[in-house]
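Asker: Residue numbers (UniProt numbering): 1 to 584.
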Amino acid sequence: MKALKHLNKYFYKYRYQLIIGILITIISRVFALFTPRLVGASINIISDRLDGKVTDAVFRAELMTNILYLIGAAVIAGIFTFLMRQTIINVSRYIEYDLKNEIYQHYQILSLNFYKSNRTGDLMNRISEDVGKVRMYVGPAIMYTMNTITLFTVAIIYMVSTAPKLTLYTLLPLPILSFAIYKLSRLINNRSTIVQQSLSTLSAYTQENFSGISIIKSYGIEPLTNSEFDRLSAENRQKQINLTKVQALFFPMMILLIGVSNLIVVYVGGMQYINGEIEDIGTIAEFIMYVNMLTWPVAMIGWITSLVQQAEASQERINEFLDTQPEIQNKINEPTPIKGDIEFKNVSFTYDDTNIEALKDVSFKLKSGETLAILGKTGSGKSTILDLIGRLYDVDNNSVLVDNKPISELNLYSLRESIGYVPQDAFLFSDTIKNNIKFGKEDATDEEVFEAAKNAKVHNNIIGFNKGYDTILGERGITLSGGQKQRVSIARAIIKKPDILLFDDCLSAVDTETEEKILKNLVKLTKDKTTVIVSHRVSSAKNADQIIILDDGKVIQSGNHESLINTDGYYKELYTKQLSEKEM
1 MKALKHLNKY FYKYRYQLII GILITIISRV FALFTPRLVG ASINIISDRL DGKVTDAVFR
61 AELMTNILYL IGAAVIAGIF TFLMRQTIIN VSRYIEYDLK NEIYQHYQIL SLNFYKSNRT
121 GDLMNRISED VGKVRMYVGP AIMYTMNTIT LFTVAIIYMV STAPKLTLYT LLPLPILSFA
181 IYKLSRLINN RSTIVQQSLS TLSAYTQENF SGISIIKSYG IEPLTNSEFD RLSAENRQKQ
241 INLTKVQALF FPMMILLIGV SNLIVVYVGG MQYINGEIED IGTIAEFIMY VNMLTWPVAM
301 IGWITSLVQQ AEASQERINE FLDTQPEIQN KINEPTPIKG DIEFKNVSFT YDDTNIEALK
361 DVSFKLKSGE TLAILGKTGS GKSTILDLIG RLYDVDNNSV LVDNKPISEL NLYSLRESIG
421 YVPQDAFLFS DTIKNNIKFG KEDATDEEVF EAAKNAKVHN NIIGFNKGYD TILGERGITL
481 SGGQKQRVSI ARAIIKKPDI LLFDDCLSAV DTETEEKILK NLVKLTKDKT TVIVSHRVSS
541 AKNADQIIIL DDGKVIQSGN HESLINTDGY YKELYTKQLS EKEM
């Protein structure tokens, strides 16, 4: 139960609703237990009338009174049962909502290394399946526990006061039922877990194949993927059947033990009535009703125990992530104004997950409003520099400075709010094109959206679609071509009008003519903004105030376009090569 202590703050938050719910539960069960006594009393009055012990008028009056009491008790119990579920189950939904928000908000502040080491499917499972199991603990488990305790307490008091010996015999099978249901619930839980794992495997395989359907078709491997899907489906089917076989035992076992309890009541009660140990025949009917009313709550004990075990296991998984502290900590609470001066002082950086040293003693200084271009081979560390500027990773020794301050001494959210970032792999959401652009500025007007799209040279493409800017994009923006996705991503960054713009090889899928037009627009838009451009093309770098060339994480050349094309080295060779390709 240690893991479930995390939920205590929510129980305290909704304590008044829970207390009211518990009181309502007690009232509803008390009124529900009026029924057996009234039925027993009614049978007794019928027996007395048949034996001539009461007059016809008394018989009718008492019987009608009992019927009215029965109706009234049933109505009141029904109303309070409804209120019980409305109160306690609603609280469980509130806690589910709060817990999901807590997890999601915690996910948001965790660092990139966390997402590199955890699968998306597992993250989703913990915020959906695991939270769902915890909700069953804070809702149904609590409700049925209170229901069982109240019902048992009141019913046993009634039964003992009426026939102590019969009560003992009546209750004998109930612990057996509870234990059997507990064991069966554990078995069902284990097989359910196996089924869920199998479903996750099947879903992951299917999702991956649908995402990569173009590759599957182009390689003609549909028969192979179909065969693997059939195998996974067959495994899942067998595991589902194994689960169903166990679940099928649940109700027959309950009916068997209820029947046994009823037989004991009829036999023992009948013998006691014959022997004169029980005066009223209605007591037997009363006890049969008690048995049927108590059987389900007793069965619930096993089910509730299983629910608590599942909830604890799920909450342990949830706590594992909630206890994970973000590597990137915001040390400054007050907002920090950002001008845009950037300096790297002998920066070295190694990725923890791969142990690859991405940067080795890199230094440069960039004043606010200036543009830096970074060129180099694939894997030379270009994108890492952008990640460090956005403080997606931290470096030691305060070697990355923004506005002459160590980047860790700036408000993290102020820093990132001042940055417009265009990644190499443009990620677009399954939403309208307009909303994808407005992602950079939620309150942007349509005119601002159109202007940003025009500057990114994607406006004409967008208006060519049937629904224009209201076109819904597929998953990850699959509706658009690679170049269109990159340009929408650029529009999303520039509509924000940030102080710092970071472009990570974001024109790689754009033809050279369109690239030239976009670069000309960017020169005007970035005149007073600090800009860092990562590229493989000299055309993207030639207008920059500074250019650095990286190779294996080291700066091997630096200067401006004019100085570098007049110096033998990587930049001159790249310029000559790309110039000759353009002329061809």
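Virtual Cβ for every residue (Gly too), placed ideally from N, Cα, C.
Determine which residues share a DSSP beta bridge with Ala-373 and list them.
Answerer: The sequence position of residue 373 within the sequence shown is 373, counting from 1. According to DSSP, Ala-373 bridges with Ile-533 and Ile-547.
Asker: Which residue's Cα is closest to the Cα of Ile-181: Pro-223, Ala-248, Ala-234 and Asp-353?
Answerer: Locating residue 181 in the sequence shown gives position 181, counting from the first residue. Per the Cα distances, Ala-248.
Asker: Mind checking which residues open and close the alpha helix (DSSP H) that includes Thr-378?
Answerer: Here residue 378 is taken as the residue at index 378 of the sequence shown, counted from 1. First-last for Thr-378: undefined, no H or E at that position.
Asker: Helix, strand or coil for Ile-556, going by three-state DSSP, please let me know.
Answerer: Taking the sequence shown and counting its residues from 1, one reaches residue 556 at position 556. Note: Ile-556 maps to strand in three-state DSSP.
Asker: Taking contact to mean 3 or more Cβ pairs, one atom from each stretch, closer than 8 Å, check whether the segment 528-545 and the segment 336-353 are in contact.
Answerer: Touching, yes.
Asker: Any heavy atom of the ligand MG closer than 6 Å to the Cβ of Asn-566?
Answerer: As presented, the structure is devoid of all ligands, the ligand MG included, so that no description of it is given.
Asker: Taking the C-alpha atoms as reference points, what is the distance between Ser-414 and Thr-336?
Answerer: As a working note, residue 414 is residue 414 in the sequence shown. As a working note, residue 336 is residue 336 in the sequence shown. Taking the straight line from one Cα to the other gives about 6 Å.
Asker: Cα separation between Asp-505 and Asp-470?
Answerer: By 1-based counting over the sequence shown, the position of residue 505 is 505. By 1-based counting over the sequence shown, the position of residue 470 is 470. One C-alpha to the other measures close to 27 Å.
Asker: Are there 16 or more other CB atoms within 10 angstroms of the CB of Asp-122, so buried, or fewer, so exposed?
Answerer: Sequence index remark: in the sequence shown, residue 122 carries index 122 (1-based). With fewer than 16 other Cβ atoms within 10 Å, it is exposed.
Asker: Between the Cα of Ile-328 and the Cα atoms of Ser-508, Leu-50 and Glu-409, which residue gives the shortest distance?
Answerer: Sequence index remark: in the sequence shown, residue 328 carries index 328 (1-based). When each option's Cα is compared against that of Ile-328, the closest is Glu-409.
Asker: Any chance the segment 95-105 sits against the segment 36-44, with 3 or more Cβ pairs inside 8 Å?
Answerer: The segment 95-105 is not in contact with the segment 36-44.
Asker: Can you give me the C-alpha to C-alpha distance between Gln-315 and Met-124, rounded to a whole angstrom?
Answerer: Taking the first residue of the sequence shown as position 1, residue 315 is located at position 315. Taking the first residue of the sequence shown as position 1, residue 124 is located at position 124. Computed Cα separation, rounded: 14 Å.
Asker: Give me the residue from Thr-526, Glu-228 and Ile-288 with the minimum Cα distance to Glu-370.
Answerer: For this step, residue 370 is matched to residue 370 along the sequence shown. Nearest of Thr-526, Glu-228 and Ile-288 to Glu-370, Cα basis: Thr-526.
Asker: Return helix, strand or coil for Ser-178, following the three-state DSSP convention.
Answerer: One-based indexing of the sequence shown puts residue 178 at position 178. DSSP places Ser-178 in helix when its eight states are reduced to three.
Asker: Among the candidates Leu-564, Phe-210 and Met-253, whose CA atom is the shortest distance from the CA of Asp-545?
Answerer: As a position in the sequence shown, residue 545 is number 545, starting the count at 1. Closest by alpha carbon: Leu-564.
Asker: Could you tell me which residues DSSP pairs with Asp-504 in its beta bridges?
Answerer: As a working mapping, residue 504 is identified with position 504 in the sequence shown. Answer by DSSP bridge pairing, in chain order: Val-534.
Asker: Let's see if you can read the secondary structure: which residues bound the beta strand (DSSP E) around Phe-427?
Answerer: Against the sequence shown, residue 427 aligns to sequence position 427. Taken as a continuous stretch (DSSP letters only), Phe-427 belongs to no beta strand (DSSP E), as it is neither H nor E.
Asker: Whole-angstrom Cβ separation of Gly-553 and Ala-358, contact assumed at under 8 Å?
Answerer: Stepping through the sequence shown from its first residue, residue 553 is reached at position 553. Stepping through the sequence shown from its first residue, residue 358 is reached at position 358. So it is a contact: roughly 5 Å between Cβ atoms.
Asker: Which of helix, strand or coil does DSSP assign to Glu-417?
Answerer: Residue mapping note: residue 417 aligns to position 417 of the sequence shown, counting from 1. Helix, per DSSP.
Asker: At which residues does the beta strand (DSSP E) containing Lys-345 begin and terminate?
Answerer: Position 345 of the sequence shown holds residue 345. Unbroken beta strand (DSSP E) run through Lys-345: 342-350.
Asker: Looking at the strands, I want to know which residues DSSP matches up with Leu-359.
Answerer: In the sequence shown, the residue the question calls residue 359 occupies position 359. Leu-359 is bridged to Phe-349.
Asker: Between Phe-349 and Tyr-393, how many whole angstroms is the CB-CB distance? I'm expecting something under 8 Å.
Answerer: Here residue 349 refers to the residue found at position 349 of the sequence shown. Here residue 393 refers to the residue found at position 393 of the sequence shown. Right, their Cβ atoms sit about 7 Å apart.
Asker: Helix, strand or coil for Phe-287 per DSSP?
Answerer: Position 287 of the sequence shown, counting from 1, holds the residue named residue 287. Note: Phe-287 maps to helix in three-state DSSP.
Asker: Within a Cβ cutoff of 7 Å, which residues of the same chain sit near Val-534, ignoring the five residues on either side of it in sequence?
Answerer: If you number the sequence shown from 1, residue 534 lands on position 534. Cβ neighbours of Val-534 beyond the five flanking positions: Ile-374, Lys-382, Ser-383, Leu-386, Phe-503, Asp-504 and Asp-505.
Asker: Identify, in the order they occur along the chain, each residue of the same chain with its Cβ nearer than 7 Å to the Cβ of Ser-111, setting aside the five sequence neighbours on each side.
Answerer: Working through the sequence shown from its first residue, we reach residue 111 at position 111. Correct list, in chain order: Pro-326, Glu-327 and Ile-328.
Asker: Is the separation between the beta-carbon of Ser-308 and that of Tyr-137 shorter than 7 Å?
Answerer: As a working mapping, residue 308 is identified with position 308 in the sequence shown. As a working mapping, residue 137 is identified with position 137 in the sequence shown. A quick correction: the sequence has Val, not Ser, at residue 308. Cβ distance < 7 Å, so Val-308 and Tyr-137 count as in contact.
Asker: So, with DSSP's three-state summary, where would you put Leu-18?
Answerer: Taking the sequence shown and counting its residues from 1, one reaches residue 18 at position 18. Leu-18: helix per DSSP, three-state reduction.
Asker: Among all the DSSP beta bridges, which residues are the ones paired with Pro-164?
Answerer: What you label residue 164 is simply residue 164 of the sequence shown in a count that begins at 1. Pro-164 is not bridged to any residue.
Asker: Tell me which same chain residues have a C-beta within less than 8 Å of the C-beta of Tyr-104, skipping the five on either side of it?
Answerer: The sequence position of residue 104 within the sequence shown is 104, counting from 1. Only Ile-127 meet the Cβ criterion.
Asker: With a 10 Å radius around its C-beta and 16 neighbouring C-beta atoms as the bar for buried, classify Gly-212 as buried or exposed.
Answerer: Start at 1 with the first residue of the sequence shown, and residue 212 comes out as number 212. Looking at its Cβ environment, which holds fewer than 16 other Cβ atoms inside 10 Å, Gly-212 is exposed.
Asker: Mind checking whether Ile-258 and Gly-269 have CB atoms under 7 Å apart?
Answerer: In the sequence shown, the residue the question calls residue 258 occupies position 258. In the sequence shown, the residue the question calls residue 269 occupies position 269. Cβ atoms of Ile-258 and Gly-269: not closer than 7 Å.
Asker: At which residue ranges does the segment 379-404 contain complete beta strand (DSSP E) runs of 3 or more residues, listed in the order of the chain?
Answerer: Here the runs fully enclosed are 400-402.
Asker: When the distance is taken between beta carbons, is Leu-243 closer than 7 Å to Arg-186?
Answerer: The residue you call residue 186 lines up with position 186 of the sequence shown. The residue you call residue 243 lines up with position 243 of the sequence shown. No, these two residues do not count as a Cβ contact at 7 Å.
Asker: Buried or exposed: where does Met-289 fall if 16 or more other Cβ atoms within 10 Å of its Cβ makes it buried?
Answerer: The residue you call residue 289 lines up with position 289 of the sequence shown. Buried.
Asker: Just to confirm my understanding: we take Ala-453, look at its own chain, exclude 5 residues before and 5 after, and list those with CB closer than 7 Å. What are they?
Answerer: Along the sequence shown, read from residue 1 onward, the residue named residue 453 stands at position 453. These residues qualify, in order along the chain: Ile-437, His-459, Ile-462 and Ala-491.
Asker: Return the bridge partner residues of Ile-472 from the DSSP annotation.
Answerer: Position 472 of the sequence shown, counted from the start, is the residue given in the question as residue 472. Answer is Thr-432.
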